[in-house]
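Residue numbers for the sequence shown follow the working numbering, beginning at 124 and rising by one. What follows is one structure encoded as C-alpha cells, with my remarks underneath.
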Amino acid sequence: RFEAAMQELRAIGLSKYNAVPPMITLLRKCGLKPRPPHYDGFWRVALVQGSVFGLTFGLVMYLLIWRADGMTPWMAVQRTALSGVIFGLAMALYYQWIRSRHSLSDWDKL
Numbered sequence: 124r125f126e127a128a129m130q131e132l133r134a135i136g137l138s139k140y141n142a143v144p145p146m147i148t149l150l151r152k153c154g155l156k157p158r159p160p161h162y163d164g165f166w167r168v169a170l171v172q173g174s175v176f177g178l179t180f181g182l183v184m185y186l187l188i189w190r191a192d193g194m195t196p197w198m199a200v201q202r203t204a205l206s207g208v209i210f211g212l213a214m215a216l217y218y219q220w221i222r223s224r225h226s227l228s229d230w231d232k233l
C-alpha cells in the first residue's frame, strides 16, 4: 500500500518531502509502518501533528526563552497546548485539502 500511495502522490506532483514528511521517514526506518498523512483521517492528523509540534515547540521555547523571561510552567503548558492545537488543525486542514483537491484513493483501496 505504501508504494501505491507513493506512486499516487508522485503522480499529482508532490515533492518528496511533502509526500513523505521526515517524521514518517524516521518512523519507517525504525521499523514502524505509518501511512503518509495524506491517507490518515482528519482528527488523527490533527492529534499526531499537533502533539509532536506542540511538545517540541513548547520544550524548546521554555528552555530557551520563556523560563528566562520568568514565565511560569503553567503558562508555558497553556501556550504549548494552544500552539499544538492550532498547528495540528492547520496541518489536518492542509492534508484534507490535498486529498480532496486531487481525489486521492482511500488507504484501504490502495
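All C-beta atoms, glycine included, are put in the ideal place defined by N, C-alpha and C.
query, result
"Alanine 215 burial status per 10 Å Cβ neighbour count (16 or more: buried)", "buried"
"Beta-carbon proximity of valine 208 to glycine 173, cut-off 7 angstroms", "yes"
"Status (buried if at least 16 other CB within 10 Å, exposed otherwise) for proline 145", "exposed"
"Outcome for leucine 149 when other beta-carbon atoms lying within 10 angstroms are tallied against a minimum of 16", "exposed"
"Beta carbon of alanine 320 nearer than 7 angstroms to that of leucine 205", "Given that the chain is displayed from residue 124 to residue 233, the structure contains no residue 320 and the question cannot be resolved."
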